[in-house]
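For the sequence shown, numbering that gives the first Met the number 0 assigns the number 0 to the initial residue and increments by one for each residue that follows.
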Amino acid sequence: MSFGSVLNASTLDGSNGFIINGVAENDRSGRSVSGAGDINGDGIDDLIIGAYGAAPNGNSGAGASYVVFGSQTGFSASLDLAALDGSNGFVINGLAEDDLLGRSVSGAGDINGDGIDDLIIGAYGAAPNGNNFAGISYVVFGRQMGFSTSLDLDTLNGSNGFAINGVAEFDLSGRSVSGAGDINGDGIDDLIIGADGADPNGNRFAGTSYVVFGRQTGFDANFDLSTLDGSNGFVINGLVEDDFSGYSVSGAGDINGDGIDDLIIGAYGANPNGNSDAGTSYVVFGRQTGFDANFDLSTLNGSNGFAINGVAGGDNSGYSVSEAGDINGDGIDDLIIGAVGTDPNGNRFAGTSYVVFGSQTGFDASLDLSTLNGSNGFAINGVAELDQLGRAISGAGDMNGDGIDDLIIGADNADNNYIGASYVVFGRRTEFEASLDLATLDGSNGFTINGVVADGDFGQSVSGAGDINGDGINDVIIGAASVDPDGNSNAGSSYIVFGRPVPSLQISDVQVNEGDAGTTAARFTVSLSNATLQTVTVDFAVTDATATAGSDYTATSGTLTFARGETTATLTVDILGDTQLEGDETFTVTLRNPTNATLSDAEGIGTIRDDDRAGPTPGDDNLTGTNGRDVIFALAGNDIVRGLGDSDRLFGEDGNDRLFGGEGDDRLIGGNGNDTASGGPGNDRILGDDGRDRLLGNIGNDRLVGGNGNDVLFGGVGNDTLIGRTDDDRLLAAAGNDLLRGNLGNDTLNGQGGNDTLRGGDGDDTLRGGVGNDRILGDAGNDLIETGSGRDRIVIRRGQGLDRVTDFTDGQDLIALGGIQFRKLTIQQLGNDVLVSKGTESLLILQNLNVEQISRADFV
0 MSFGSVLNAS TLDGSNGFII NGVAENDRSG RSVSGAGDIN GDGIDDLIIG AYGAAPNGNS
60 GAGASYVVFG SQTGFSASLD LAALDGSNGF VINGLAEDDL LGRSVSGAGD INGDGIDDLI
120 IGAYGAAPNG NNFAGISYVV FGRQMGFSTS LDLDTLNGSN GFAINGVAEF DLSGRSVSGA
180 GDINGDGIDD LIIGADGADP NGNRFAGTSY VVFGRQTGFD ANFDLSTLDG SNGFVINGLV
240 EDDFSGYSVS GAGDINGDGI DDLIIGAYGA NPNGNSDAGT SYVVFGRQTG FDANFDLSTL
300 NGSNGFAING VAGGDNSGYS VSEAGDINGD GIDDLIIGAV GTDPNGNRFA GTSYVVFGSQ
360 TGFDASLDLS TLNGSNGFAI NGVAELDQLG RAISGAGDMN GDGIDDLIIG ADNADNNYIG
420 ASYVVFGRRT EFEASLDLAT LDGSNGFTIN GVVADGDFGQ SVSGAGDING DGINDVIIGA
480 ASVDPDGNSN AGSSYIVFGR PVPSLQISDV QVNEGDAGTT AARFTVSLSN ATLQTVTVDF
540 AVTDATATAG SDYTATSGTL TFARGETTAT LTVDILGDTQ LEGDETFTVT LRNPTNATLS
600 DAEGIGTIRD DDRAGPTPGD DNLTGTNGRD VIFALAGNDI VRGLGDSDRL FGEDGNDRLF
660 GGEGDDRLIG GNGNDTASGG PGNDRILGDD GRDRLLGNIG NDRLVGGNGN DVLFGGVGND
720 TLIGRTDDDR LLAAAGNDLL RGNLGNDTLN GQGGNDTLRG GDGDDTLRGG VGNDRILGDA
780 GNDLIETGSG RDRIVIRRGQ GLDRVTDFTD GQDLIALGGI QFRKLTIQQL GNDVLVSKGT
840 ESLLILQNLN VEQISRADFV
């Protein structure tokens, strides 16, 4: 069931999400939450929850963090963190009093390059090397060999993780931590750590951020941030006293579309344009040309990054920053920035979150958030006074299954009793206005998630959770650190909300006897893939195929409506009876313009079965039509049928027939037997039906369907559609921009000239793109792909078999990821070839290539 306008967190029951409860009083679990990637390598995403107030081993304020494993076997309505036993997750305990471990937690990507995701946890109260509150960040490596119930951080030795030590007293390094993607373009993920208490260049509380590069050569047990020298990472110093740069840090995805990840740093205390505490966020572009030991934010000039300035004094923009995924569906990642101090629509401290769209056309040295106009980004305004929308923000992945990323934004003070709320805003390809009113979220454009109890701080932390239940749709996690589960005051809880796909519509095919007189109803069933809380509508219209409106059926059109919860609807087409011998005829019902749903099968074929009977036939006939519109039924026997001029309909029926359409837009149906059908000039539709048939489209934009049997289809000149259907077919497109679909069986598809689309369908197929820029989808089965010349795109998806590409050209051909994130791929050498896999599933083999030739730029 898709989303309504409001979801109350109290209704989570295991089917739509679940609650994760803290262990003890004042643990504050949920103060920081994050998706963890797939840390145990089982192919399902995991979570991490920080509880910075926990007192493990009697150490007050040492803090703890909890990893919860994803599962396809389902969850109960609630999970107690005390029940983690190594099989369902594990606990990571802080080491010393007041370390405050878990104040910030994040997935780290794959920082050691072993193909399994890792974690980073901040403990900004720790005292490395005797420096009070210098802070420590801990990296825990993922692994497939399993985890114990608890992990002691003092056992990190470089092989299972390592500690990253802050530099000076009260730097507060680890206040904010995040994966940074691959910012130096070496194929291994990197980290960013914020230390907003640092005093770079003598500027008190200017703040500093540290980028630590991932590497496959290993780490020592301890890493001092003071040793960053440009080769192992670099330092980004805040500019001015009290900027608090690094209070929030995040990977930014690839916001400038150059194929290398970028990062963003929030400095909520900055004073851009003389506006005190308006706040500034800094985007630093990744690059393969290397970094110096120190990066000066004042040098951002649009080519190496840019500054994003808050609007008014006290806005505190940059209090939170995050990558947003690709929310406008243009193929480039976007950003979101929280400004908790704004007063939108006169509502004091209601808060605003700003979405900044990525762009390949470049950025100026600075961007003022006041200039967002819907084309370059937009503002999301808090609803009421003191909501402080944007205290926590995150990309949510694709929660509604429409192929576009979404957002989640927390407002922990929402409601008069500070119950708190979080808002999911759906991405879309249609343009956004300059501002979005959260009160307009209605389930189709997003929805509101309401907290449970007063003063629970629901929404103080939010994050995309990846796909924790393994259903193929992204989920979210919301922290509420001040709720009292099981009577434990301020133990805290976290709430998981499962994503739900937008329902899809499909229409059935129908066959009906025409009768001799009157009308017979042909009833088509239109189905929704799943129930929805929204009203769904879809337009329909009936058009001719081989049948003719007015003489064979009554044309109709209209709109179908599905009320909330309904999953089927019926539409009726009246069939007109007669006694004329004319063969079976078809018409098409087409669905268009759905609301709150997508179309998975938009065409229903209505077949009017001719129940009239002819007298005896002579057997093998040689039939020739006229230059008009002929309808010829050859009946039984091995017949030769010629249509000559105009648009003819020829039916071979039983026997091994030869059909020639001649000029005009003809319809040829071979029927039973091994038939040969040639369309001639014109836009023809040819169906081989049963038997081993040979179909030739000839000149024109033709549609050839093989039917049952091992068929051979020749498209000829024009933009043709060739469909094999069952058995082992051969499809040859010739010139033109053609669509080839093998469907069932082990098929051979040849695009030859033109920009073609080839889809193998089920079976072990051979697909050859030929000349031109082709799009090639092997679909199910282990397929062999030859791209040919041109800039070709090979599409891979999970669960579709292992495809093999014989002639992939680096820098020319591309690999399109269908529902797969690049960072979760493993790319490795396999003999003379390159193997692309996700987890344990092998997806693609690129023959005769070296793994160094393959990079992020080869994937889209």
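Yeah, the Cβ is synthetic: ideal placement off N, Cα and C, and Gly gets one too.
These figures come from a predicted structure and were not determined experimentally.
> Three-state secondary structure (DSSP) at F821?
Replying inline: Numbered from its first residue, the sequence shown carries residue 821 at position 822. Reduced to three states, the DSSP call for F821 is helix.
>> To the nearest angstrom, how far is the alpha carbon of E240 from that of T207?
In response: Translated into positions along the sequence shown, residue 240 becomes position 241. Translated into positions along the sequence shown, residue 207 becomes position 208. In a straight line, the C-alpha of E240 is about 11 Å away from that of T207.
>> If you follow the beta strand (DSSP E) that P593 is in, where does it begin and where does it stop?
In response: Locating residue 593 in the sequence shown gives position 594, counting from the first residue. Element bounds for P593: 584-594.
> Which residue from D763, S33, I819 puts its Cα closest to that of V66?
Replying inline: For the purposes of this step, residue 66 is identified with residue 67 of the sequence shown, where counting begins at 1. Considering only alpha carbons, the answer is S33.
>> Which same chain residues end up closer than 7 Å to S105 when comparing Cβ atoms and leaving out the 5 residues on each side of it in sequence?
In response: Sequence index remark: in the sequence shown, residue 105 carries index 106 (1-based). Closer than 7 Å at Cβ, skipping near neighbours: S33, I119, V176, S177, G178.
> Is it buried or exposed for R703, if we count other Cβ within 10 angstroms and need 16 for buried?
Replying inline: Residue numbering aside, residue 703 sits at position 704 when the sequence shown is read from its first letter. In the sequence under discussion, the amino acid at residue 703 is Leu, which differs from the Arg named in the question. Flag for L703 reads buried.
> To which residues of the same chain is T675 closer than 6 Å at the C-beta, ignoring the five residues directly before and after it?
Replying inline: Counted from its first residue, the sequence shown places residue 675 at position 676. The residues are R657, R693.
> Going by alpha carbons, who is nearest to G874 out of R724, S31, L721, A733?
Replying inline: As shown, the chain starts at 0 and ends at 859. That puts residue 874 outside it, with no answer to give.
>> For a quick check, are the C-beta atoms of I448 and A420 less than 9 Å apart?
In response: Here residue 448 refers to the residue found at position 449 of the sequence shown. Here residue 420 refers to the residue found at position 421 of the sequence shown. Yes, they are a contact pair.
> From the DSSP output, which residues share a beta bridge with G304?
Replying inline: Numbered from its first residue, the sequence shown carries residue 304 at position 305. For G304, which the question treats as bridged, DSSP gives the partners V283.
> For G193, which beta-bridge partners are listed by DSSP?
Replying inline: Position 194 of the sequence shown, counted from the start, is the residue given in the question as residue 193. S175, S208.
> Buried or exposed: V525, going by 16 or more other Cβ atoms within 10 Å of its Cβ?
Replying inline: Counting from one through the sequence shown, the residue named residue 525 turns up at place 526. By the 10 Å Cβ count, V525 comes out buried.
> When the Cα atoms are used, what is the spatial distance from V804 to I775?
Replying inline: The sequence position of residue 804 within the sequence shown is 805, counting from 1. The sequence position of residue 775 within the sequence shown is 776, counting from 1. V804 and I775: Cα-Cα distance of roughly 10 Å.
> To which residues does DSSP link V5 through a beta bridge?
Replying inline: Within the sequence shown, residue 5 is the residue found at index 6, counting from 1. DSSP, once it has assigned bridges, lists T447 as partnering V5.
> Excluding five sequence neighbours on each side, which residues of the same chain lie with their C-beta closer than 6 Å to the C-beta of F290?
Replying inline: Indexing the sequence shown from 1 puts residue 290 at position 291. G229, F233, listed in sequence order.
> Which of helix, strand or coil does DSSP assign to T297?
Replying inline: As a first step, residue 297 must be located in the sequence shown, where it is residue number 298. First, the amino acid is wrong: residue 297 is Ser here, not Thr. Here S297 sits in helix by DSSP.
> For T569, which three-state DSSP category applies?
Replying inline: Translated into positions along the sequence shown, residue 569 becomes position 570. Of the three classes helix, strand and coil, the one that applies to T569 here is strand, per DSSP.
> What distance in whole Å lies between the Cβ atoms of D809 and I793, which are believed to be in contact at a cut-off of 8 Å?
Replying inline: Looking up residue 793 in the sequence shown gives position 794. Looking up residue 809 in the sequence shown gives position 810. With 8 Å as the limit, I793 and D809 do not qualify as a contact, their Cβ atoms being about 13 Å apart.
> By the 10 Å Cβ neighbour count, where 16 or more other Cβ atoms means buried, how is D153 classified, buried or exposed?
Replying inline: For the purposes of this step, residue 153 is identified with residue 154 of the sequence shown, where counting begins at 1. It is exposed - the Cβ of D153 has fewer than 16 other Cβ atoms within 10 Å.
> Since R608 and N671 are thought to touch, with beta carbons under 8 Å apart, how far apart are those beta carbons, to the nearest angstrom?
Replying inline: Taking the sequence shown and counting its residues from 1, one reaches residue 608 at position 609. Taking the sequence shown and counting its residues from 1, one reaches residue 671 at position 672. Their Cβ separation, rounded to whole angstroms, is 15 Å, which puts R608 and N671 out of contact at 8 Å.
> Is the stretch 766-780 touching the stretch 742-758, taking contact as three or more C-beta pairs under 8 Å?
Replying inline: yes
>> Can you find the residues in the same chain that come closer than 7 Å, C-beta to C-beta, to S434, ignoring five residues on each side of it along the sequence?
In response: Residue mapping note: residue 434 aligns to position 435 of the sequence shown, counting from 1. Only F377, A378, N380 meet the Cβ criterion.
>> Beta-carbon within less than 7 Å of F446's beta-carbon, same chain only, minus the 5 sequence neighbours each way: which residues are those?
In response: Residue numbering aside, residue 446 sits at position 447 when the sequence shown is read from its first letter. These residues qualify, in order along the chain: F2, G3, S4, V5, L6, V423, L440.
> Roughly how far, in whole angstroms, is the beta-carbon of D98 from the beta-carbon of A54, given that I think they are within contact range, below 8 Å?
Replying inline: Residue mapping note: residue 98 aligns to position 99 of the sequence shown, counting from 1. Residue mapping note: residue 54 aligns to position 55 of the sequence shown, counting from 1. Contact flag wrong, Cβ pair sits at about 11 Å.
> Cα separation between V770 and Q751?
Replying inline: Residue 770 sits at position 771 when you count from the first residue of the sequence shown. Residue 751 sits at position 752 when you count from the first residue of the sequence shown. Between V770 and Q751, the C-alpha separation is close to 6 Å.
> Would the beta-carbon of G165 fall within 9 Å of that of Y137?
Replying inline: Residue 165 sits at position 166 when you count from the first residue of the sequence shown. Residue 137 sits at position 138 when you count from the first residue of the sequence shown. No, the Cβ-Cβ distance between G165 and Y137 is not below 9 Å.
> Alpha carbon to alpha carbon, how far is F169 from L532?
Replying inline: Position 170 of the sequence shown, counted from the first residue, corresponds to residue 169. Position 533 of the sequence shown, counted from the first residue, corresponds to residue 532. Cα-Cα distance, rounded: 51 Å.
> Roughly how many angstroms separate the alpha carbons of A568 and L559, rounded to a whole number?
Replying inline: By 1-based counting over the sequence shown, the position of residue 568 is 569. By 1-based counting over the sequence shown, the position of residue 559 is 560. Computed Cα separation, rounded: 7 Å.
> Could you check where the beta strand (DSSP E) with Y870 kicks off and where it finishes?
Replying inline: Since the first and last residues shown for the chain are 0 and 859, residue 870 lies out of range.
> Which of the three DSSP states, helix, strand or coil, is assigned to E602?
Replying inline: Locating residue 602 in the sequence shown gives position 603, counting from the first residue. If DSSP states are grouped into helix, strand and coil, E602 belongs with the strands.
> At what residues does the beta strand (DSSP E) containing R499 begin and finish?
Replying inline: As a position in the sequence shown, residue 499 is number 500, starting the count at 1. Looking at the DSSP string, R499 is not in any beta strand (DSSP E), and its letter there is neither H nor E.
> Can you name the start and end residues of the beta strand (DSSP E) that Y552 belongs to?
Replying inline: Here residue 552 refers to the residue found at position 553 of the sequence shown. No beta strand (DSSP E) contains Y552, which DSSP labels as neither H nor E.
> In its own chain, which residues sit with a C-beta less than 7 Å from the C-beta of G312, not counting the 5 before and 5 after it?
Replying inline: Reading the sequence shown from its first residue, position 313 is the one you call residue 312. Excluding residues within five positions, the ones whose Cβ falls inside 7 Å are N274, S275, D276, A277.
> Rounded to a whole number of angstroms, what is the C-alpha to C-alpha distance between G426 and S352?
Replying inline: By 1-based counting over the sequence shown, the position of residue 426 is 427. By 1-based counting over the sequence shown, the position of residue 352 is 353. So the two alpha carbons sit approximately 15 Å from each other.
> How would you write the range of the beta strand (DSSP E) that E840 sits in, first residue to last?
Replying inline: Numbered from its first residue, the sequence shown carries residue 840 at position 841. Where E840 is concerned, the enclosing beta strand (DSSP E) stretches over 840-845.
> For the beta strand (DSSP E) that contains A292, what are its first and last residues?
Replying inline: For the purposes of this step, residue 292 is taken as the residue at position 293 of the sequence shown. Careful: A292 lies outside any beta strand (DSSP E) and carries neither H nor E.
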